[in-house]
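Engineer:
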Amino acid sequence: MKGKAIEILNDNWRDGFTVPSKNLYPYQWKWDSGFIAIGLAHFNMDRAKREINTLLNAQWENGFLPHIVFHTKSENYFPGPEFHRADLHPRASKKYKSTGMTQPPVTGFVLQEMYNIATDKKDIVEYIGKHIDKVYANHEYFYNHRDPFNEGLVYIYHNWESGTDNSPIWDDIWETMVSPSYNFERKDTSHVDPSQRPSLREYDHYLHIIDIAKKHKYDDGKIGEHSPFLVQDPLFNAILIKSNQSLIELYKLIGGYEEKVVQLGKWQEKSITAFNEKLFDEGLGAYVHYDLRNNRPLKFVSSSSFSALFAGIPDKDRAKRLVNTMTQRFGGKNTYLCASFDPTHERHDPKRYWRGPVWINLNWMLYRGFKAYNFDDLAEQIKQDSIELVEKYGFYEYFDPRRNEHLVNTDKGYGGSNFSWTAALYIDLIEN
Ligand code: GLC
Numbered sequence: 000m001k002g003k004a005i006e007i008l009n010d011n012w013r014d015g016f017t018v019p020s021k022n023l024y025p026y027q028w029k030w031d032s033g034f035i036a037i038g039l040a041h042f043n044m045d046r047a048k049r050e051i052n053t054l055l056n057a058q059w060e061n062g063f064l065p066h067i068v069f070h071t072k073s074e075n076y077f078p079g080p081e082f083h084r085a086d087l088h089p090r091a092s093k094k095y096k097s098t099g100m101t102q103p104p105v106t107g108f109v110l111q112e113m114y115n116i117a118t119d120k121k122d123i124v125e126y127i128g129k130h131i132d133k134v135y136a137n138h139e140y141f142y143n144h145r146d147p148f149n150e151g152l153v154y155i156y157h158n159w160e161s162g163t164d165n166s167p168i169w170d171d172i173w174e175t176m177v178s179p180s181y182n183f184e185r186k187d188t189s190h191v192d193p194s195q196r197p198s199l200r201e202y203d204h205y206l207h208i209i210d211i212a213k214k215h216k217y218d219d220g221k222i223g224e225h226s227p228f229l230v231q232d233p234l235f236n237a238i239l240i241k242s243n244q245s246l247i248e249l250y251k252l253i254g255g256y257e258e259k260v261v262q263l264g265k266w267q268e269k270s271i272t273a274f275n276e277k278l279f280d281e282g283l284g285a286y287v288h289y290d291l292r293n294n295r296p297l298k299f300v301s302s303s304s305f306s307a308l309f310a311g312i313p314d315k316d317r318a319k320r321l322v323n324t325m326t327q328r329f330g331g332k333n334t335y336l337c338a339s340f341d342p343t344h345e346r347h348d349p350k351r352y353w354r355g356p357v358w359i360n361l362n363w364m365l366y367r368g369f370k371a372y373n374f375d376d377l378a379e380q381i382k383q384d385s386i387e388l389v390e391k392y393g394f395y396e397y398f399d400p401r402r403n404e405h406l407v408n409t410d411k412g413y414g415g416s417n418f419s420w421t422a423a424l425y426i427d428l429i430e431n
């Protein structure tokens, strides 16, 4: 299977970056790139470095890193660069077309993973030394432009920034919005069964938020004031915190970056405190999203609720509560860990995108998280479930969490096939 994973990554390589999935996602995606680089590092470090270089080359003058970089033209994707019009922002990259939204900031911890995997430590330290300041600038961008009340928690202004694009959590926000109906040609549903993708009405909301951001030329301050979608997402913030920590450790390793280490330490302390104070829901025993636009917590448990463990955010007692919550709601003999959304909730849908299925990138983070807190059995179960799903059903984008369902129907991998981060993280899971 490792051979097959490598084959997929070779096949999805486009001379400088890897597409997440051939037909469905024909460009470079920010957080995909990071997970992909971890897999590449195990068999082709040179290509892992190029993957990250290419992404960082598309950085804007203000430190922003876009969610999609449109390196090539493709008829297979909507909305493309002509819809996004990132060039409306005065400091957008002049060289690359991109979206004007971002994705979870994985690059910091990815550099550290690459360091850990590398056999030539001198070479990788030199590489990291050349690129780490760009990642730092990206974190600086988040703290300066995405935290209007200086809380230590950054906002996302679009569900596509979360990475968990179609989570049922966003339903509460769609209810507050009055979006026009767009007339456009969907491309995703020509590659994937519509029952596994978002609805048309949801796409109206997605496009409407982009139009609002465009009206304000992607100005962060204005988006903060006007976007109907403004959320402090635990997954996004946990990844930022994890990457802060990696940057601290990498800067110390390189040496001579005292000021940056101090600044990262300050962000870190503030973010961890705010995360624990604001995002933990006592009733649910889990971290939840906070709707900054409407000033309310969004009380749902999702795989994002556990990502805090990956970043070392909860104390021991809270970590134990997260274990209980996962076991009670997500566990059991009949399910694969970890469903992307609470299987006990009526909005759970085991087949549709982020509304229930298991995703390998989330599982990879949760495995690391539970392991770091010494919950070895749970960590091992998440790892084994991930490996089993891939080995039984293939390198899909997402999987049905129901074990019984897998028994009656063997076709349980959904979304894009030959999916790059599934292949990349599968390699990392079996190598570690
Ligand atoms: C989907 C996912 C997103 C991912 C992208 C490319 O939109 O929701 O997280 O980055 O596909 O794989």
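Quick note, the sequence shown lines up with residues 0 to 431 if you use numbering that gives the first Met the number 0. Cβ coordinates follow ideal geometry from the N, Cα and C atoms, glycine included.
Is the CB-CB distance between F418 and P19 below 8 Å?
Structural biologist: Translated into the one-based positions of the sequence shown, residue 418 becomes position 419. Translated into the one-based positions of the sequence shown, residue 19 becomes position 20. Yes, the pair counts as a contact, with Cβ atoms nearer than the cut-off.
Engineer: Just curious, the alpha helix (DSSP H) that V322 is in, first and last residue?
Structural biologist: Position 323 of the sequence shown, counted from the start, is the residue given in the question as residue 322. First-last of the alpha helix (DSSP H) with V322: 315-329.
Engineer: When every heavy atom of ligand 1 is checked, does at least one fall within less than 7 Å of the C-beta of Q102?
Structural biologist: Residue numbering aside, residue 102 sits at position 103 when the sequence shown is read from its first letter. Within the cutoff, so yes.
Engineer: In whole angstroms, what is the alpha-carbon distance linking K93 and D10?
Structural biologist: As a position in the sequence shown, residue 93 is number 94, starting the count at 1. As a position in the sequence shown, residue 10 is number 11, starting the count at 1. Straight-line Cα distance between these residues: approximately 29 Å.
Engineer: Could you spell out where the alpha helix (DSSP H) holding H207 opens and where it closes?
Structural biologist: Taking the first residue of the sequence shown as position 1, residue 207 is located at position 208. H207 -> alpha helix (DSSP H) spans 199-214.
Engineer: Starting from the C-beta of D219, find all residues in its chain whose C-beta is less than 6 Å away, skip the five residues before and the five after it, and write them out in chain order.
Structural biologist: Here residue 219 refers to the residue found at position 220 when the sequence shown is read from its first residue. Contacts found: H144.
Engineer: Which partner residues does T334 have in the DSSP bridge list?
Structural biologist: On the sequence shown, position 335 is the one that residue 334 refers to. Per DSSP, R401.
Engineer: Please check the pair Q102 and G162, which I expect to be a contact at CB under 8 Å, by giving their CB distance rounded to whole angstroms.
Structural biologist: Working through the sequence shown from its first residue, we reach residue 102 at position 103. Working through the sequence shown from its first residue, we reach residue 162 at position 163. About 6 Å separates the two Cβ atoms, so the contact holds.
Engineer: Look at the alpha carbon of D14 and the alpha carbon of E281, and state the distance between them as a whole number of angstroms.
Structural biologist: In the sequence shown, counting from the first residue as 1, residue 14 sits at position 15. In the sequence shown, counting from the first residue as 1, residue 281 sits at position 282. Going from the Cα of D14 to the Cα of E281 covers about 48 Å.
Engineer: Pick from W363, L428, G355, G412: whose alpha carbon is nearest that of N165?
Structural biologist: Residue 165 sits at position 166 when you count from the first residue of the sequence shown. With distances taken between Cα atoms, N165 lies closest to G355.
Engineer: Can you round the beta-carbon distance between K1 and I429 to whole angstroms, since I take them to be within the 8 Å contact cut?
Structural biologist: Taking the sequence shown and counting its residues from 1, one reaches residue 1 at position 2. Taking the sequence shown and counting its residues from 1, one reaches residue 429 at position 430. Right, the Cβ-Cβ distance comes to about 6 Å (below 8 Å), so this counts as a contact.
Engineer: What I want to know is whether the C-beta of G205 ends up closer than 7 Å to one or more non-hydrogen atoms of ligand 1.
Structural biologist: Locating residue 205 in the sequence shown gives position 206, counting from the first residue. What sits at residue 205 in the sequence shown is Tyr, not Gly. No, the Cβ of Y205 stays beyond 7 Å of every heavy atom of ligand 1.
Engineer: Report the CB separation of N360 from F16 in whole angstroms; it is logged as a contact under 8 Å.
Structural biologist: Sequence index remark: in the sequence shown, residue 360 carries index 361 (1-based). Sequence index remark: in the sequence shown, residue 16 carries index 17 (1-based). The pair is not a contact, with the Cβ atoms about 17 Å apart (cut-off 8 Å).
Engineer: Per DSSP, which residues does H288 bridge with? Please list them.
Structural biologist: Your numbering for residue 288 matches position 289 in the sequence shown. Bridge partners of H288: L297.
Engineer: For F235, count the other beta carbons within 10 Å of its own beta carbon; 16 or more makes it buried, fewer makes it exposed. Which is it?
Structural biologist: In the sequence shown, the residue the question calls residue 235 occupies position 236. F235 should be labelled buried.
Engineer: Hey, quick one: how far does the beta strand (DSSP E) through F69 stretch, first residue to last?
Structural biologist: Within the sequence shown, the letter at position 70 stands for residue 69. Run containing F69: 67-69, per the beta strand (DSSP E) assignment.
Engineer: Relative to ligand 1, is the shortest distance from any of its heavy atoms to the C-beta of Y24 smaller than 7 Å?
Structural biologist: For the purposes of this step, residue 24 is identified with residue 25 of the sequence shown, where counting begins at 1. Result yes, Cβ under 7 Å from ligand 1.
Engineer: Would you mind reading off the limits of the alpha helix (DSSP H) that contains V153?
Structural biologist: Taking the first residue of the sequence shown as 1, we reach residue 153 at position 154. No alpha helix (DSSP H) contains V153, which DSSP labels as neither H nor E.
Engineer: Grab me the residues of K259's own chain with a C-beta within less than 7 Å of its C-beta, minus the 5 sequence neighbours each way, in chain order.
Structural biologist: Taking the first residue of the sequence shown as 1, we reach residue 259 at position 260. Same-chain partners within the cutoff: Y135, Y250.
Engineer: Out of K370, I155, E390, which has the shortest C-alpha to C-alpha gap to I381?
Structural biologist: Along the sequence shown, read from residue 1 onward, the residue named residue 381 stands at position 382. Looking at the Cα atoms, K370 is the closest of the given residues.
Engineer: Using a Cβ-Cβ cutoff of less than 7 Å, which residues in the same chain neighbour H204 once the five nearest sequence positions on both sides are dropped?
Structural biologist: Within the sequence shown, residue 204 is the residue found at index 205, counting from 1. Counting only Cβ-Cβ distances below 7 Å, and skipping sequence neighbours, we find W173, M176, S178.
Engineer: Starting from F279, follow its DSSP beta bridges and name the residues at the other end.
Structural biologist: Against the sequence shown, residue 279 aligns to sequence position 280. F279 pairs with Y286.
Engineer: Near K241, what residues of its chain come up, given a Cβ to Cβ distance below 7 Å and the 5 sequence neighbours on each side ignored?
Structural biologist: By one-based count along the sequence shown, residue 241 stands at place 242. Correct list, in chain order: F108, F309, A310.
Engineer: Please determine, among E257, I123, N75, D31, the residue with the shortest C-alpha to C-alpha distance to N43.
Structural biologist: Along the sequence shown, read from residue 1 onward, the residue named residue 43 stands at position 44. The shortest C-alpha separation from N43 is found at I123.
Engineer: With a threshold of 7 Å (Cβ to nearest heavy atom), would R147 be considered close to ligand 1?
Structural biologist: As a working note, residue 147 is residue 148 in the sequence shown. In the sequence on display, residue 147 carries Pro and not Arg. The answer is no for P147.
Engineer: If you measure between the beta carbons of H344 and F279, is that distance less than 8 Å?
Structural biologist: If you number the sequence shown from 1, residue 344 lands on position 345. If you number the sequence shown from 1, residue 279 lands on position 280. Going by C-beta atoms, H344 is not nearer than 8 Å to F279.
Engineer: How about Q195 and Y76: do their beta carbons lie closer than 8 Å?
Structural biologist: Working through the sequence shown from its first residue, we reach residue 195 at position 196. Working through the sequence shown from its first residue, we reach residue 76 at position 77. Contact: no.
Engineer: According to DSSP, is W28 helix, strand or coil?
Structural biologist: Here the question's residue 28 lines up with position 29 in the sequence shown. Correct three-state label for W28: strand.
Engineer: Starting from the Cα of L54, find the closest Cα among D86, N149, P104, P89 and give me that residue.
Structural biologist: Taking the first residue of the sequence shown as position 1, residue 54 is located at position 55. Here the closest residue by C-alpha is P104.
Engineer: Could you tell me if R367 is buried or exposed, where buried requires 16 or more neighbouring beta carbons within 10 angstroms of its beta carbon?
Structural biologist: One-based indexing of the sequence shown puts residue 367 at position 368. Per the 10 Å Cβ criterion, buried.
Engineer: Verify the contact flag: G162, CB atom, against every heavy atom of ligand 1, threshold strictly below 7 Å.
Structural biologist: Taking the sequence shown and counting its residues from 1, one reaches residue 162 at position 163. Yes, the beta carbon of G162 sits closer than 7 Å to at least one heavy atom of ligand 1.
Engineer: Tell me the DSSP bridge mates of F340?
Structural biologist: What you label residue 340 is simply residue 341 of the sequence shown in a count that begins at 1. Note: F340 sits in a beta bridge opposite S301.
Engineer: Just grab the DSSP bridge partners of S97 for me.
Structural biologist: Within the sequence shown, residue 97 is the residue found at index 98, counting from 1. Bridge partners of S97: V68.
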